[in-house]
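Notes follow the structure.
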Amino acid sequence: MRLSQMLLPTLRETPAEAEVVSHKLLLRAGMIRKLAAGLYTWLPLGLRVLRKVEAIVRQEMDRAGAQEVLMPAIQPAELWHESGRWEKYGAELLRLQDRHQRAFCFGPTHEEVITDLARMELHSYRQLPANFYQIQTKFRDEIRPRFGLMRAREFLMKDAYSFHLNEASLMETYQVMYDTYTRIFTRLGLQFRAVRADTGSIGGSASHEFHVLADSGEDVIAFCPDSGYAANLDLAESLAPGERPAPTRNMGEVYTPGVRTISAVTICLLVPSSRTVKTLLVEGTDGGVVALVLRGDHDLNETKAARLTEVASPLTFASPERVREFTGADPGSVGPVGLQCPVFCDRAAAAIADFVCGANRDNFHLTGVNWGRDLPEPRVVDLRSVVAGDLSPDGKGKLALCRGIEVGHIFQLGTKYSAALKAEVVGEDGRPVTMEMGCYGIGVSRIVAAAIEQNNDERGIIWPVAIAPFQVALIPINMHRSIRLTEAAVRLYDELRGVGIEVLFDDRALRPGVMFTDAELVGIPYRVVMSDRGLDAGTVEYRTRRDTQSRDVPLDGIVALLREAIQNACS
RNA sequence: CGGGGUAUAGCGCAGUCUGGUAGCGCACUUGCUUUGGGAGCAAGGUGUCGGGGGUUCGAAUCCCUCUACCCCGACCA
Numbered sequence: 008m009r010l011s012q013m014l015l016p017t018l019r020e021t022p023a024e025a026e027v028v029s030h031k032l033l034l035r036a037g038m039i040r041k042l043a044a045g046l047y048t049w050l051p052l053g054l055r056v057l058r059k060v061e062a063i064v065r066q067e068m069d070r071a072g073a074q075e076v077l078m079p080a081i082q083p084a085e086l087w088h089e090s091g092r093w094e095k096y097g098a099e100l101l102r103l104q105d106r107h108q109r110a111f112c113f114g115p116t117h118e119e120v121i122t123d124l125a126r127m128e129l130h131s132y133r134q135l136p137a138n139f140y141q142i143q144t145k146f147r148d149e150i151r152p153r154f155g156l157m158r159a160r161e162f163l164m165k166d167a168y169s170f171h172l173n174e175a176s177l178m179e180t181y182q183v184m185y186d187t188y189t190r191i192f193t194r195l196g197l198q199f200r201a202v203r204a205d206t207g208s209i210g211g212s213a214s215h216e217f218h219v220l221a222d223s224g225e226d227v228i229a230f231c232p233d234s235g236y237a238a239n240l241d242l243a244e245s246l247a248p249g250e251r252p253a254p255t256r257n258m259g260e261v262y263t264p265g266v267r268t269i270s271a272v273t274i275c276l277l278v279p280s281s282r283t284v285k286t287l288l289v290e291g292t293d294g295g296v297v298a299l300v301l302r303g304d305h306d307l308n309e310t311k312a313a314r315l316t317e318v319a320s321p322l323t324f325a326s327p328e329r330v331r332e333f334t335g336a337d338p339g340s341v342g343p344v345g346l347q348c349p350v351f352c353d354r355a356a357a358a359i360a361d362f363v364c365g366a367n368r369d370n371f372h373l374t375g376v377n378w379g380r381d382l383p384e385p386r387v388v389d390l391r392s393v394v395a396g397d398l399s400p401d402g403k404g405k406l407a408l409c410r411g412i413e414v415g416h417i418f419q420l421g422t423k424y425s426a427a428l429k430a431e432v433v434g435e436d437g438r439p440v441t442m443e444m445g446c447y448g449i450g451v452s453r454i455v456a457a458a459i460e461q462n463n464d465e466r467g468i469i470w471p472v473a474i475a476p477f478q479v480a481l482i483p484i485n486m487h488r489s490i491r492l493t494e495a496a497v498r499l500y501d502e503l504r505g506v507g508i509e510v511l512f513d514d515r516a517l518r519p520g521v522m523f524t525d526a527e528l529v530g531i532p533y534r535v536v537m538s539d540r541g542l543d544a545g546t547v548e549y550r551t552r553r554d555t556q557s558r559d560v561p562l563d564g565i566v567a568l569l570r571e572a573i574q575n576a577c578s
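For the first sequence, our numbering gives the first residue as 8, with consecutive numbering after it.
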């Protein structure tokens, strides 16, 4: 592509709206422009990257035996009523009416449509297993779209749905998809990690998320470098520490004026926070409240808490008024002793003796408190988020934490949708069988942003070669003043294109500095600089985006050199 | 939806407190010079000051209202 023929509106300054680096660079590199909150236009350069990601995803899905389909973006409300999600999905579902006032939605996902297709078209177990996918625009009316492409409302997603006669077949395809995702993210040139994930509201048994590792990621991943265990923080189990020591002290009440936080308690009473306990009250399902007890140095994991049937969903903290109603004290002075509501205690908090807690009386704390003696043995559950250094749940080492961007998610759905929509086939024995389903998503447009989050420097984007919009930036210096150089540059441009290399030919009559800066900002992996000086010596300058120095290479060897470099980078 | 903030030229911003008819940098246009890391000089164009209403002789500036966008919390690819 000749740069003079391309819309590439690079920006020297960062638009004020951008917060995260991928958003800033996508705007500055002239790849996207915002139309409205969470809605972006893909400009030519950005679209090339999106298409490359798409192509790799498509190739690998095809290789895995999945069949591509394309379903409507707009879906009739009836299907969503059938699955029960018209009511459940909430405000994120963009609802529409046509001219006859019939209800539709803009699909945020396609379980209903694909299951409808499956019940219409799949009749016999002989047609199973089957795996269908599409690459399509979704819309989720996010409460707060942000971070540019990272959390847009409209986004491009690859979603796949598999259908099976039984669970064994589902597990088999699930594993194939797991392996396929691993291939995809490897080919994309991204550092990633597959982690066990919460199945959440979608239901089903097993689930894995694929995260691109980046410090700016919104998700926290717990992993064990020794055993390979990796899980979303919401799923990573915190193991019980050892046996609880025997009580050595008697319980006593102390006056602690103005002490309302754990850190204040540790200072006031000179105890480590690991010997204190905090008690959080949340709304319960029965109209009362539920107490959640954690060690002072630990944090509540809200996802884990929300899994308790006694806890109202969504998880809601009791208001200060409610806290006073049930405990007679300020939220800062609540403790588990004498509480007249269900008490759930985290494993770690249940394993300490002689601890400090609120006295359920303003400005008083209790010391030397012991479970089973001063208050009933609590119901012990896993409530806290793991922290770095915790034992791995598989018992084979210690956990570390890192941050990631969720770019893929695979689920075993089971029969949730097939049962609701009555998607059945006739089995071998002639009886109807409700199909088992799996579903497998990849955030295609999010990958573009995630790749930038992971690969950038102060000069701009550094694309992995596999998804770079162009592989080579060809920059002739002062070409417009040298016919000889123009001819040589065009010759090399044609030659590179002839061997299938994607070249961005900067034929603009600009100063070299501008061309260099643009090529680096948009992140082209390889740069070839040509000049009259170089022609005299029969050389061009070559350097990769990550290099700080270029080197002269013979003009007649540059094509082979680039071919090899690109091939190595993509294999 | 709750909390915080912003809206002035294509982009980044000043001007708003204290009302007097809009400015800076970059970008853009033309010319000359320059030409290996975002050139210099000269000339030039650019605005419903987010919308509506009000106060005032006069509003970017004060008041009311609406809207859009951004940031912090719950959702998710």
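Yeah, the Cβ is synthetic: ideal placement off N, Cα and C, and Gly gets one too.
Next on the checklist: Rounded to the nearest angstrom, what separates residue 535 and residue 488 at their Cα positions?
Outcome noted: For this step, residue 535 is matched to residue 528 along the first sequence. For this step, residue 488 is matched to residue 481 along the first sequence. So the two alpha carbons sit approximately 19 Å from each other.
Checklist entry - Between the stretch 157–173 and the stretch 37–51, do three or more beta carbon pairs fall short of 8 Å? => result The stretch 157–173 makes contact with the stretch 37–51: 3 or more CB pairs, one atom from each, lie closer than 8 Å.
Checklist entry - residue 7 to residue 470, Cα distance in whole Å? => result Any answer about residue 7 is impossible in this case: the structure gives the chain only from 8 up to 578.
Checklist entry - Taking the alpha-carbon positions, what's the residue 328 to residue 359 distance? => result Your numbering for residue 328 matches position 321 in the first sequence. Your numbering for residue 359 matches position 352 in the first sequence. Computed Cα separation, rounded: 30 Å.
Next on the checklist: To test your reading of the DSSP string, which unbroken beta strand (DSSP E) runs of 3 or more residues are found completely within the stretch 41–87?
Outcome noted: Taking only runs of at least 3 residues, the beta strand (DSSP E) segments lying wholly in the stretch 41–87 are 46–49, 81–83.
Checklist entry - For residue 442, which of helix, strand or coil comes out of DSSP? => result Taking the first sequence and counting its residues from 1, one reaches residue 442 at position 435. Residue 442 falls in the coil class under three-state DSSP.
Checklist entry - The alpha helix (DSSP H) spanning residue 585 covers which residue range? => result Lying outside 8 to 578, the shown extent of the chain, residue 585 is not represented and no answer is given.
Item to check | Span of the beta strand (DSSP E) around residue 353 | outcome: As a position in the first sequence, residue 353 is number 346, starting the count at 1. Taken as a continuous stretch (DSSP letters only), the beta strand (DSSP E) holding residue 353 covers 350–353.
Checklist entry - How should residue 130 be labelled, buried or exposed, when 16 other C-beta atoms within 10 angstroms of its C-beta is the threshold for buried? => result Here residue 130 corresponds to residue number 123 of the first sequence, with the count starting at 1. The Cβ neighbour count for residue 130, taken over all protein chains shown within 10 Å, is under 16; the residue is labelled exposed.
Item to check | Simplified DSSP state of residue 154, which is helix, strand or coil | outcome: Taking the first sequence and counting its residues from 1, one reaches residue 154 at position 147. In the structure shown, residue 154 sits in coil (DSSP, three-state: anything other than H, G, I, E or B).
Checklist entry - Should residue 107 be labelled buried (16 or more other beta-carbon atoms within 10 Å of its own) or exposed? => result Residue 107 sits at position 100 when you count from the first residue of the first sequence. Exposed.
Checklist entry - Does the count of Cβ pairs from the stretch 113–121 and the stretch 47–62 closer than 8 Å reach three? => result Contact fails: fewer than three Cβ-Cβ distances are below 8 Å.
Checklist entry - Where do the ends of the alpha helix (DSSP H) carrying residue 501 lie? => result The residue given as residue 501 occupies position 494 in the first sequence. In the DSSP assignment, residue 501 falls within the alpha helix (DSSP H) that extends over 490–505.
Checklist entry - Looking at the structure shown, is residue 478 part of a helix, part of a strand, or coil, going by DSSP? => result Along the first sequence, one-based indexing puts residue 478 at 471. If DSSP states are grouped into helix, strand and coil, residue 478 belongs with coil.
Checklist entry - My guess is that residue 480 and residue 531 are in contact by the Cβ rule of under 8 Å, so how many angstroms apart are they, rounded? => result Position 473 of the first sequence, counted from the start, is the residue given in the question as residue 480. Position 524 of the first sequence, counted from the start, is the residue given in the question as residue 531. Sure, about 4 Å apart at Cβ, within 8 Å.
Item to check | Rounded distance between the beta-carbons of residue 76 and residue 154, thought under 8 Å | outcome: In the first sequence, the residue the question calls residue 154 occupies position 147. In the first sequence, the residue the question calls residue 76 occupies position 69. That belief does not hold up - the Cβ atoms of residue 154 and residue 76 are roughly 30 Å apart, past 8 Å.
Checklist entry - Across which residues does DSSP place residue 464 in a beta bridge pair? => result Taking the first residue of the first sequence as 1, we reach residue 464 at position 457. BP columns for residue 464 point to 467.
Next on the checklist: Between the alpha carbons of residue 23 and residue 375, how many angstroms are there, rounded?
Outcome noted: Sequence index remark: in the first sequence, residue 23 carries index 16 (1-based). Sequence index remark: in the first sequence, residue 375 carries index 368 (1-based). Each residue's Cα considered, the two are about 54 Å apart.
Checklist entry - Where does residue 188 sit, in a helix, a strand or coil, going by DSSP? => result The residue labelled residue 188 in the question sits at position 181 within the first sequence. Helix, per DSSP.
Item to check | CB of residue 457 within 9 Å of CB of residue 230, strictly | outcome: Within the first sequence, numbered from 1, the residue matching residue 457 stands at position 450. Within the first sequence, numbered from 1, the residue matching residue 230 stands at position 223. It is not a contact, given that the beta carbons lie outside the stated cut-off.
Checklist entry - Should residue 560 be listed as close to the ligand ADP, given that the test is whether its C-beta is under 8 Å from any heavy atom? => result Looking at this structure, you won't find the ligand ADP or any other ligand, since it has none at all.
Next on the checklist: On the DSSP letters alone, give me the boundaries of the alpha helix (DSSP H) that residue 26 sits inside.
Outcome noted: As a working mapping, residue 26 is identified with position 19 in the first sequence. That residue, residue 26, is in no alpha helix (DSSP H); it is neither H nor E in DSSP.
Next on the checklist: Just verifying my parser: in three-state terms, what is the DSSP assignment at residue 320?
Outcome noted: Mapped onto the first sequence, residue 320 falls at position 313. Coil.
Checklist entry - Does the distance from the C-beta atom of residue 12 to that of residue 78 stay below 9 Å? => result Residue 12 sits at position 5 when you count from the first residue of the first sequence. Residue 78 sits at position 71 when you count from the first residue of the first sequence. The Cβ atoms of residue 12 and residue 78 do not sit closer than 9 Å to each other.
Checklist entry - Span of the alpha helix (DSSP H) holding residue 541? => result To locate residue 541, count along the first sequence from 1; it is residue 534. Taken as a continuous stretch (DSSP letters only), the alpha helix (DSSP H) holding residue 541 covers 539–544.
Checklist entry - If you scan the stretch 234–280 from start to end, which runs of the beta strand (DSSP E) of 3 or more residues do you find wholly inside it? => result Counting only runs of 3 or more, we get 237–239, 259–262.
Next on the checklist: Relative to the C-alpha of residue 337, which candidate in 367, 362, 493, 317 has its C-alpha closest?
Outcome noted: Sequence index remark: in the first sequence, residue 337 carries index 330 (1-based). Of the residues 367, 362, 493, 317, the one whose Cα lies closest to the Cα of residue 337 is 367.
Checklist entry - Sorted by chain position, which residues of the same chain lie with C-beta nearer than 6 Å to residue 392's C-beta, five sequence neighbours on each side aside? => result For this step, residue 392 is matched to residue 385 along the first sequence. Excluding sequence neighbours, residue 392 sits near 240, 306, 308.
Item to check | Per-residue burial, residue 574 [other beta carbons within 10 Å of its own, 16 or more giving buried] | outcome: As a working note, residue 574 is residue 567 in the first sequence. Here residue 574 is exposed: its Cβ has fewer than 16 other Cβ atoms, across all protein chains shown, within 10 Å.
Next on the checklist: Along the chain, where does the alpha helix (DSSP H) containing residue 164 start, and where does it finish?
Outcome noted: Walking along the first sequence from the start, residue 164 turns up at place 157. Looking at the DSSP string, residue 164 is not in any alpha helix (DSSP H); the run it does join, the beta strand (DSSP E), is 161–171.
Next on the checklist: By the three-class DSSP mapping on this structure, what secondary structure does residue 485 have?
Outcome noted: As a working mapping, residue 485 is identified with position 478 in the first sequence. Looking at residue 485 - three-state DSSP - the assignment turns out to be coil, as it is neither helix nor strand.
Checklist entry - How is the alpha helix (DSSP H) around residue 375 delimited, first residue to last? => result Counting from 1 along the first sequence, the entry for residue 375 is found at position 368. In the DSSP assignment, residue 375 falls outside any alpha helix (DSSP H) and within the unbroken beta strand (DSSP E) covering 371–376.
Next on the checklist: Within 10 Å of its beta-carbon, does residue 461 have 16 or more other beta-carbons around it, so buried, or fewer, so exposed?
Outcome noted: As a first step, residue 461 must be located in the first sequence, where it is residue number 454. Residue 461 comes out buried.
Item to check | As assigned by DSSP and simplified to three states, the class of residue 345 | outcome: Position 338 of the first sequence holds residue 345. Three-state DSSP puts residue 345 in coil, outside helix and strand.
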